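Q: Heads up, the sequence shown is in this note's numbering, so the first residue is 1 and it goes up one at a time. Below is one structure. I have some questions about it.
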Amino acid sequence: MGKELLFESYVLLFDIEITLVNIIEKEMTTHYGHLWRQIFFAEGGTQLCDNLPLLFRLNLLQDIFTDHELHDLCILSDIKNALNQQTTISRGDFDHLKYFSHQLNRKKFLSLSI
């Protein structure tokens, strides 16, 4: 994987995490108020990927994301771990990042427009 593709992978991961936070923040603020961050981050670490298992346990968040999207989030964690270890990712993983980023941005647009 060339440096340009590696950089673009990091940009996509950053975009995905921001989009996830926007989607989660809207739903959590609606149901739990502004203390949602303390609820969400109390059990996990400080990085969003550390808290992905919570998405499987919180009923509210299970309603936001489909089972397929939750599975994609697990793949996203694996990709991020590979990039953090400075190992290369496959072209398929890169394409998965692009696809998932597009899907989440569409979901964000739909959820914020309601």
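We put the CB at the ideal spot given by N, CA and C, even for glycine. The structure presented is a predicted model; accordingly, all values stated were derived computationally and were not measured.
If you draw a straight line from the alpha carbon of Ser-90 to that of His-96, how long is it in whole angstroms?
A: Working through the sequence shown from its first residue, we reach residue 90 at position 90. Working through the sequence shown from its first residue, we reach residue 96 at position 96. About 10 Å.
Q: What is the C-beta distance between Ser-9 and Phe-100, in whole angstroms, given that I count them as a contact (C-beta under 8 Å)?
A: If you number the sequence shown from 1, residue 9 lands on position 9. If you number the sequence shown from 1, residue 100 lands on position 100. Not really, about 12 Å apart at Cβ, beyond 8 Å.
Q: Contact defined as beta carbons within less than 8 Å: I believe Ile-23 pairs with Lys-107. What is the distance between those atoms, to the nearest angstrom?
A: Locating residue 23 in the sequence shown gives position 23, counting from the first residue. Locating residue 107 in the sequence shown gives position 107, counting from the first residue. Between Lys-107 and Ile-23 the Cβ distance is about 6 Å, and since that is below 8 Å, they are a contact.
Q: What's the gap between the Cα of Leu-73 and the Cα of Gln-62?
A: Within the sequence shown, numbered from 1, the residue matching residue 73 stands at position 73. Within the sequence shown, numbered from 1, the residue matching residue 62 stands at position 62. Each residue's alpha carbon lies about 12 Å from the other.
Q: Quick check: the Cα distance between Leu-6 and Ile-64, rounded to an integer number of angstroms?
A: By 1-based counting over the sequence shown, the position of residue 6 is 6. By 1-based counting over the sequence shown, the position of residue 64 is 64. Roughly 30 Å between the two C-alpha positions.
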